[in-house]
Structure formats: structure tokens, C-alpha cells
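Note that the UniProt record's numbering has the sequence shown beginning at 1, numbered continuously upward. Note that the Cβ used here is the ideal one computed from N, Cα and C, for glycine as well.
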Amino acid sequence: MTAVPMAAPVCWVMSDGKAGMENQCLGLAEAVGAHPIIKRIALKTPWRQTTPYLPISLRLALAPESDPLTPPWPDLLITSGRQAVGLSLLIRRLNGGRTFCVHIQNPGVPFSRFDAVILPKHDEKCGPTLITTRGALHRVTPERLADAAARFAPAVAHLPRPRVAVLIGGSNGVYHLTPTVMGDVAEKLSDLARHEGVGLMVTPSRRTGADNEAILRARLAGLPATVWDGTGENPYFGFLGLADAVVVTCDSVSMVSEAASTGKPVYIIELEGGSPKFRRFHEMMYADGIARPFTGVLESWSYTPLDDTARVAAEVLRRMAVWRHRHGIPG
1 MTAVPMAAPV CWVMSDGKAG MENQCLGLAE AVGAHPIIKR IALKTPWRQT TPYLPISLRL
61 ALAPESDPLT PPWPDLLITS GRQAVGLSLL IRRLNGGRTF CVHIQNPGVP FSRFDAVILP
121 KHDEKCGPTL ITTRGALHRV TPERLADAAA RFAPAVAHLP RPRVAVLIGG SNGVYHLTPT
181 VMGDVAEKLS DLARHEGVGL MVTPSRRTGA DNEAILRARL AGLPATVWDG TGENPYFGFL
241 GLADAVVVTC DSVSMVSEAA STGKPVYIIE LEGGSPKFRR FHEMMYADGI ARPFTGVLES
301 WSYTPLDDTA RVAAEVLRRM AVWRHRHGIP G
């Protein structure tokens with residue numbers, strides 16, 4: 001792994017703590033070789049509602065439940081989400097401009113305010129500091145998958161092969177996982193296990209919902225399937241590492257991107273709803289030969305694993321080197 005080219009870099013990862021945001025930031029921080037300090041922030045009213053447009057101060061804006069933001073200020077600050085935008089720019093000012101600021105997702109302010117803004121191509125944005133990706137950044141690496149696979153292999157040793165990791169998300173602001181759709185998906189999965197001898201490794205999420213999870217468990221009862229019950233270590237990475245193929249719901253760009261980083265066949269479960277942005281992303285995955293719609297049939301194909309995180313990390317390091325030289329900051 002490439003090390004950050006600084007003597008003793010201080011790296012902060014800052015967001016409101018939502019897993020999807022924080023994991024993207026951590027994935028990038030780890031990929032540049034940093035050991036990030038996690039800052040989960042919360043803003044008071046009115047800053048919570050108006051950021052990043054209302055001028056902000058640490059003394060007035062931070063809610064009591066927020067992590068403290070105090071020196072030493074970071075050399076590298078990686079943020080995600082609107083709540084972190086104003087704070088990121090403020091921290092750079094407090095540090096005399098000596099903080100390299102990277103924002104993941106649309107900051108809602110001119111991109112030029114940041115040293116780097118990272119967005120997927122399907123957002124269809126442009127700007128001088130923009131770095132585009134095909135999917136979402138994440139923490140999946142071959143090493144992490146191998147380690148997790150070794151830990152979880154005994155738990156799924158009874159399952160036949162091929163083994164399929166099934167990553168179930170749920171309803172969000174764009175998609176709806178209805179009981180009807182869940183029943184159809186569960187029936188297709190049970191047919192694979194019953195008639196094709198497939199072993200299923202299933203991870204629901206909090207968004208799946210109790211009713212949908214009950215449907216899934218009922219259809220897979222008595223079949224060669226393991227469904228995580230939410231206790232103990234999350235087997236998500238382990239299942240990805242142990243799988244011969246991955247079935248994933250369409251509601252999460254991050255989950256699809258993580259599945260696509262494995263180089264294994266990826267099947268996308270289409271849910272009700274959608275948006276032009278999501279559709280562009282899925283169509284790109286299909287056109288690039290990475291994924292196919294899930295129809296209940298397993299096939300085999302190969303593709304170059306999606307590796308946005310490593311590519312973006314290399315570009316961030318390159319830009320940091322130029323930035324340090326321009327500002328006379330030792331490296």
C-alpha cells in the first residue's frame with residue numbers, strides 16, 4: 001500500500017457518522033496509507049438545516065453530541081455529506097490553508113472550494129477539482145476479503161458450491177423493497193438452492209425490514225442457506241470473499257461497487273422505483289460486462305475488477321504533492 005508522502009501526516013475522516021459516508025472516507029484514507037482519526041460531527045440548529053450556506057463557527061455550531069474538533073489540525077481532511085462541508089472549509093482556514101481538503105459526494109458549493117471533489121460519473125457533473133469514479137469508494141481489498149473469508153469459512157463449510165453471496169438492502173428515498181418483490185427474489189433463490197445445488201450466504205440490512213426478512217427466512221428454511229441474524233461480527237466481507245458469485249439489490253451504489261471489486265459475477269436485483277442517476281449507474285455496470293440483472297439463473301463470466309478506490313487514491317496523492325510544492329509545505 002502506498003504511504004502518504006508526508007513525514008507524519010494527520011488525517012481526519014469527518015462525516016455525520018452514516019455508515020455509507022464514513023466507509024467511503026475510510027476506504028480512501030486507507031488507500032492512501034493514512035491512519036485516519038474518525039470525527040463524527042453533529043450541528044445545532046440553524047446550521048444543521050442551512051449548512052453549507054450559513055457562516056459557521058466551531059464554538060456556536062457544534063452540538064454537544066459532536067466529536068470535538070481541536071488542534072492539531074489535519075494535513076489531510078476527507079469529508080462526506082453536507083453537514084461536513086462548512087466545517088471542512090473552516091478547519092482549512094483555522095490551519096492557515098495547510099489542510100488538503102477532499103470531499104466525497106456533491107458538496108453543494110463550487111467544487112473549486114475543495115482541493116478534490118469525488119463523484120461518480122452517473123452524477124454528470126464537471127469541475128476543475130473533480131475526480132470521477134464509476135462506482136462508490138469503499139474499504140474492500142483482496143487482503144481484507146481473504147482475512148474475513150478465513151474467519152467465516154468454518155461457518156459455511158456445510159454449504160455446497162457454487163456459493164452465492166446475497167446482499168439484501170432495502171427501501172430508501174428512491175427504491176422500495178416490497179413484500180411482493182422480496183417473495184419473488186426469495187423464490188428464485190430457493191429454486192437455485194433446491195434445484196441447482198447452490199449454497200446461499202445471505203446478509204440482510206437494517207433497511208430490509210422485519211417483514212421482508214421473515215419472508216426470506218421462510219422461503220429458505222431447510223435449504224443450504226445461511227442468513228445472518230444481525231448478531232456477532234458482520235459476515236459481509238467474509239461472504240464476499242467466499243462467494244463464487246454475488247447477488248445484490250440495486251438500492252445501494254456502494255454494495256454494487258463492493259461486489260464489483262471482487263471480479264466475480266454480479267447479479268443486480270431490480271426493486272420498485274428508481275431514478276435517472278441510479279439507472280445510469282446500473283446501465284454502465286451492465287454495458288461494461290460487470291453485472292447482469294438477476295433472473296434466477298446463474299452464469300459465469302469474467303471482467304476486470306472495479307478498482308476506483310486505488311485509482312482515486314493515486315490521484316489524490318499526486319494532487320497533494322503538487323499542492324505542497326505550490327504552498328511550500330515540506331513533504
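Query: Beta-carbon contacts of residue 246 that lie in its chain and below 6 Å, excluding the five residues immediately before and after; Result: 165, 259, 264, 266
Query: Reduced DSSP secondary structure (H/G/I, E/B, other) of residue 333; Result: Because residue 333 is not part of the residues shown, which for the chain are 1 to 331, the question remains open.
Query: Residue(s) in a DSSP beta bridge with residue 272; Result: 176
Query: Candidates 70, 236, 180, 218, of which the one nearest residue 205 by Cα; Result: 236
Query: Given 8 Å, three or more beta-carbon pairs between the stretch 270-286 and the stretch 119-131; Result: yes
Query: CB of residue 101 within 9 Å of CB of residue 79, strictly; Result: yes
Query: Cβ pair residue 195, residue 27 closer than 9 Å; Result: no
Query: Beta-carbon proximity of residue 347 to residue 106, cut-off 9 Å; Result: A question about residue 347 goes unanswered here, because the residues of the chain that appear run from 1 up to 331.
Query: Cβ-based burial, residue 39 [other Cβ within 10 Å; buried from 16]; Result: buried
Query: The stretch 199-219 contacting the stretch 107-119, beta-carbon criterion three pairs below 8 Å; Result: no
Query: Residues sharing a beta bridge with residue 47, DSSP; Result: Its beta-bridge partners do not exist; DSSP assigns none.
Query: 8 Å contact criterion, which residue 51 and residue 86 should meet: CB distance rounded; Result: 5 Å
Query: For residue 225 and residue 187, the rounded distance between their alpha carbons; Result: 13 Å
Query: Nearest to residue 192 (by Cα), restricted to the options 29, 116, 223; Result: 223
Query: Own chain partners of residue 18 with C-beta closer than 8 Å, once the 5 adjacent residues on each side are dropped; Result: 81
Query: Residue 159 beta carbon less than 9 Å from that of residue 238; Result: no
Query: For residue 273 and residue 174, believed in contact at Cβ under 8 Å, the rounded distance; Result: 6 Å
Query: Helix, strand or coil at residue 280 [DSSP, three-state]; Result: helix
Query: Nearest residue (CA-CA) to residue 61, options 316, 71, 42; Result: 42
Query: Host alpha helix (DSSP H) of residue 325 (start-end); Result: 308-327
Query: Helix, strand or coil at residue 25 [DSSP, three-state]; Result: helix
Query: Per-residue burial, residue 313 [other beta carbons within 10 Å of its own, 16 or more giving buried]; Result: buried
Query: Beta-bridge pairing of residue 11 - partner residues as DSSP gives them; Result: 76
Query: CA-to-CA distance, residue 215 to residue 304, given in whole angstroms; Result: 35 Å
Query: Closest by C-alpha distance to residue 129, when choosing among 117, 289, 140; Result: 117
Query: Under the three-state DSSP convention, the category residue 264 falls into; Result: coil
Query: Contacts around residue 289, its chain only, beta-carbon distance under 8 Å, and the 5 residues preceding and following it disregarded; Result: 301, 303
Query: Minimum length 3: unbroken beta strand (DSSP E) runs contained in the stretch 129-176; Result: 130-133, 163-167
Query: Residues bridged to residue 294 [DSSP beta-bridge criterion]; Result: In the DSSP output, where bridge partners are listed per residue, residue 294 has none listed.
Query: Test item: CB-CB of residue 251 and residue 306 under 9 Å; Result: no
Query: Test item: CB-CB of residue 261 and residue 140 under 9 Å; Result: yes
Query: Of the residues 298, 136, 232, the one placed nearest residue 23, counting alpha carbons only; Result: 136
Query: Boundaries (first-last residue) of the alpha helix (DSSP H) holding residue 239; Result: 236-242
Query: Every unbroken beta strand (DSSP E) within the stretch 67-125, with a cutoff of 3 residues, ordered by chain; Result: 76-80, 100-104, 116-120
Query: Test: residue 216 CB closer than 9 Å to a CB of chain B; Result: Absent from the structure: chain B. Only one protein chain is present.
Query: Endpoints, the alpha helix (DSSP H) within which residue 215 is located; Result: 210-220
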